[in-house]
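Visitor:
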Amino acid sequence: MQPGALLLDSCGHPNSRYDFIFWQPDEVVTARESWPQRLQQLMAQLPDYDGPSELPFQGGLAGAWSYDAGRALEQLPERAVADIDLPEIAVGLYSRALIRDHASDRIWLLAPESEIAHWQTFWQSFWKEQTTAQTNATDFALTSAWQSNMSQADYLTKFAQVQDYLRAGDCYQINLAQRFTANYEGDEWAAYQRLRATNQAPYSGFLRWSDGAILSHSPERFLHVDEHGKVETKPIKGTRPRDPDPSRDQALAAELQAAAKDRAENVMIVDLLRNDLSRVCRPGTVQVPKLFAIESYAAVHHLVSTVKGELNTTQQPLDLLAACFPGGSITGAPKVRAMAIIDELEPHRRSYYCGSLGYISQHGVSDTNICIRTLVAEQGRIHCWAGGGLVVDSEGAAEYQETLDKVAKILPVLASTQKDKVPS
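The sequence shown maps to residues 1 to 424 in full-length UniProt numbering.
#1: With distances taken Cα to Cα, identify the nearest neighbour of Pro47 among Val28, Leu110, Asp9, Ala80.
#2: Consult DSSP for Val280 and reduce its assignment to one of helix, strand or coil.
#3: Go to residue 478, then tell me how far its alpha helix (DSSP H) extends in each direction, as first and last residue.
#4: So, helix, strand or coil for Gly396, using DSSP?
#5: Are the beta-carbon atoms of Pro235 and Ser329 separated by less than 9 Å?
#6: Determine contact between the segment 348-362 and the segment 255-269, defined as no fewer than three beta-carbon pairs at a distance below 8 Å.
#7: Looking at Leu207 and Gly59, is the spacing between their C-beta atoms short of 9 Å?
#8: The beta strand (DSSP E) spanning Ser356 covers which residue range?
#9: Three-state secondary structure (DSSP) at Gly387?
#10: Leaving out five residues before and five after Asp139 in sequence, what residues of the same chain have Cβ atoms less than 6 Å from its Cβ?
#11: Tell me which same chain residues have a C-beta within less than 8 Å of the C-beta of Glu310, skipping the five on either side of it?
#12: Work out the CA separation of Arg337 and Pro77 for me, nearest whole Å.
#13: Buried or exposed for Lys419, please, with buried defined as at least 16 other CB atoms from any protein chain shown within 10 angstroms of its CB.
#14: For the structure I just gave you, are there three or more beta carbon pairs, one from the segment 333-350 and one from the segment 66-80, closer than 8 Å?
#15: In terms of residues, what are the limits of the alpha helix (DSSP H) holding Ile116?
#16: Under the three-state reduction of DSSP, which class applies to Leu46: helix, strand or coil?
#17: Any idea what DSSP makes of Thr143, helix, strand or coil?
#18: Would you kindly work out how many angstroms separate the C-alpha atoms of Trp146 and Thr314, rounded to a whole number?
#19: Below 9 Å between beta carbons: does that hold for Arg17 and Ala103?
#20: Evaluate contact between the segment 266-279 and the segment 358-370, counting only Cβ atoms and requiring at least three cross-stretch pairs below 8 Å.
#21: Could you check where the alpha helix (DSSP H) with Ile370 kicks off and where it finishes?
#22: Which residues share a DSSP beta bridge with His13?
#23: If you scan the segment 151-201 from start to end, which runs of the alpha helix (DSSP H) of 4 or more residues do you find wholly inside it?
#24: So Ala264 and His301 are in contact, right, with Cβ under 8 Å, and what is the actual spacing, rounded?
#25: Can you list, in chain order, the residues of its chain whose CB lies under 7 Å from that of Leu73, leaving out five sequence neighbours each side?
#26: Over what stretch of residues does the beta strand (DSSP E) that includes Asp245 continue unbroken?
#27: So what does DSSP say about Ala103, is it helix, strand or coil?
#28: Whole-angstrom Cβ separation of Asn149 and Gly380, contact assumed at under 8 Å?
#29: Could you spell out where the beta strand (DSSP E) holding Ala293 opens and where it closes?
#30: Since I believe Pro202 is in contact with Ser10 (beta carbons under 8 Å), could you give me their beta-carbon distance rounded to a whole number of angstroms?
#31: Is the distance from the Cβ of Ile116 to the Cβ of Trp108 below 9 Å?
#32: What number of angstroms, rounded off, separates the C-alpha of Arg349 from the C-alpha of Gln250?
#33: May I ask which residues mark the beginning and end of the beta strand (DSSP E) holding Asp319?
#34: Can you tell me which of the three DSSP states Glu78 falls into?
#35: What's the gap between the Cα of Cys371 and the Cα of Phe222?
Next comes the structure, spelled out in structure tokens:
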């Protein structure tokens, strides 16, 4: 995939209807400062759309917002080390996209009129270029083992510090994550394809830079807005590992749904998101139609709730994103204080982990994920994070194990590619 190319990938999951490929952005925003205003200005540059009204993307914005893009919205400390040399926002203005609708089994091409008129010549040239690039690409391989930025003992020490903050009343939930890093060589797209085969997450995506990439296999939707301004967010809070034995697997899911601690965590974040949505939605429209539903993925079961609302106008998706960013399910609550504590306790900045990947169409439709189960590749290093929300009832060893469960279908998959392994 060429630099600036973006895949938003449903993996054929029933929770996600469309796949998108965006390429050749007309302009890209990479500075986090005043990004909502800058992106709003970009949207105003788009030509009028002349095509089927049912397409979810009719020209607009697509790309990635790092977790640290939230620093443009709130005053936060800067203690954690910023050691990933990528822009904190990478959002382009796109007038070219391939859109696959799984419901109708149709594929649409969105492009400038001059290219549509010569689509066959253009398309043959485009795919020849991509095929050549793919042929020349080398397969992916790790060249070192995964290394966390905190040992289990470090995690438990930080867990104890979180408990102190919770008991002092600073927050009632705080997310704590560890980061795994390895060296690699080869093509990041090959790594994405390996992981896709084992994860099949509905809000997956791949974004290419000239010197890096984002590989997201996220099960979590952040914000979806339809053409009528109706908003949906689906926070995840509560996790159990999958088990190969069907009866044990079902018992783990039932245990999760009944767990008082996990339900409490979930409802805390639901309340935070109800508050965030109410900042831009019409009064009285914010509702919770689903609370504590079980959704099952390759590595884990999750406890998922659904919060809905209606925007004041259909042209507010950027206002909504700014009002809710970053997602409360991966910060804790109250959000800003939780983010400050995260910056104090986690050794490194989160980069695109817990940011968002998605699109905003000029006619108001938008869809973004929460970048969990997400890797960032840059300068020969690849990073993967895992975390969870901590409350006063949390138990340190269990929370540490949960972080490992969440990447059980990611770290071992890429570890199997490692070169020069030391024999056991």
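For glycine and all other residues, C-beta sits at the position ideal for the given N, C-alpha and C. This structure is a prediction, so every number in the text was calculated from the model and none was measured.
Guide: So, from the listed chains and residues:
#1: Here the question's residue 47 lines up with position 47 in the sequence shown. It is Leu110.
#2: Taking the first residue of the sequence shown as 1, we reach residue 280 at position 280. Three-state DSSP puts Val280 in coil, outside helix and strand.
#3: Examination of residue 478 is not possible in this model, given that the chain is present from 1 through 424 alone.
#4: For the purposes of this step, residue 396 is identified with residue 396 of the sequence shown, where counting begins at 1. Of the three classes helix, strand and coil, the one that applies to Gly396 here is helix, per DSSP.
#5: Looking up residue 235 in the sequence shown gives position 235. Looking up residue 329 in the sequence shown gives position 329. Yes, these two residues count as a Cβ contact at 9 Å.
#6: no
#7: What you label residue 59 is simply residue 59 of the sequence shown in a count that begins at 1. What you label residue 207 is simply residue 207 of the sequence shown in a count that begins at 1. Result no, Cβ atoms of Gly59 and Leu207 do not sit closer than 9 Å.
#8: In the sequence shown, counting from the first residue as 1, residue 356 sits at position 356. From DSSP, the beta strand (DSSP E) with Ser356 extends over 356-361.
#9: Mapped onto the sequence shown, residue 387 falls at position 387. The answer is strand: DSSP assigns Gly387 an E or B state.
#10: By 1-based counting over the sequence shown, the position of residue 139 is 139. Taken in chain order, the residues that qualify are Gly186, Ala190.
#11: Stepping through the sequence shown from its first residue, residue 310 is reached at position 310. Contacts found: His228, Gly229, Lys230, Val231, Cys281, Arg282, Thr285.
#12: On the sequence shown, residue 77 is found 77 positions in, with the first residue counted as 1. On the sequence shown, residue 337 is found 337 positions in, with the first residue counted as 1. The alpha-carbon atoms of Pro77 and Arg337 are separated by roughly 10 Å.
#13: The sequence position of residue 419 within the sequence shown is 419, counting from 1. By the neighbour-count rule (16 or more Cβ atoms within 10 Å), Lys419 is not buried but exposed.
#14: yes
#15: Your numbering for residue 116 matches position 116 in the sequence shown. Element bounds for Ile116: 113-117.
#16: Sequence index remark: in the sequence shown, residue 46 carries index 46 (1-based). Coil, per DSSP.
#17: Along the sequence shown, one-based indexing puts residue 143 at 143. Of the three classes helix, strand and coil, the one that applies to Thr143 here is coil, per DSSP.
#18: Along the sequence shown, one-based indexing puts residue 146 at 146. Along the sequence shown, one-based indexing puts residue 314 at 314. Distance between the alpha carbons of Trp146 and Thr314: 45 Å.
#19: The residue you call residue 17 lines up with position 17 of the sequence shown. The residue you call residue 103 lines up with position 103 of the sequence shown. Yes; because the gap between Cβ atoms is below 9 Å, this pair is in contact.
#20: no
#21: Here residue 370 is taken as the residue at index 370 of the sequence shown, counted from 1. Careful: Ile370 lies outside any alpha helix (DSSP H) and carries neither H nor E.
#22: Along the sequence shown, read from residue 1 onward, the residue named residue 13 stands at position 13. Beta-bridge pairing links His13 to no other residue.
#23: 152-168, 188-199
#24: For the purposes of this step, residue 264 is identified with residue 264 of the sequence shown, where counting begins at 1. For the purposes of this step, residue 301 is identified with residue 301 of the sequence shown, where counting begins at 1. 17 Å between Cβ atoms; not a contact.
#25: Against the sequence shown, residue 73 aligns to sequence position 73. Answer for Leu73: Ala322, Phe325, listed in chain order.
#26: Taking the sequence shown and counting its residues from 1, one reaches residue 245 at position 245. Looking at the DSSP string, Asp245 is not in any beta strand (DSSP E), and its letter there is neither H nor E.
#27: Reading the sequence shown from its first residue, position 103 is the one you call residue 103. Ala103: coil per DSSP, three-state reduction.
#28: Working through the sequence shown from its first residue, we reach residue 149 at position 149. Working through the sequence shown from its first residue, we reach residue 380 at position 380. No, Asn149 and Gly380 are not in contact; Cβ-Cβ is about 17 Å, not under 8 Å.
#29: Against the sequence shown, residue 293 aligns to sequence position 293. Residues 287-296.
#30: Your numbering for residue 10 matches position 10 in the sequence shown. Your numbering for residue 202 matches position 202 in the sequence shown. That belief holds up - the Cβ atoms of Ser10 and Pro202 are roughly 6 Å apart, short of 8 Å.
#31: As a working note, residue 116 is residue 116 in the sequence shown. As a working note, residue 108 is residue 108 in the sequence shown. Contact flag unset, no.
#32: Locating residue 349 in the sequence shown gives position 349, where the first residue counts as 1. Locating residue 250 in the sequence shown gives position 250, where the first residue counts as 1. Straight-line Cα distance between these residues: approximately 37 Å.
#33: The residue you call residue 319 lines up with position 319 of the sequence shown. From DSSP, Asp319 is part of no beta strand (DSSP E) but of the alpha helix (DSSP H) over 317-324.
#34: Position 78 of the sequence shown, counted from the first residue, corresponds to residue 78. It is coil, neither helix nor strand.
#35: Walking along the sequence shown from the start, residue 371 turns up at place 371. Walking along the sequence shown from the start, residue 222 turns up at place 222. Cα to Cα, the separation comes out at about 9 Å.
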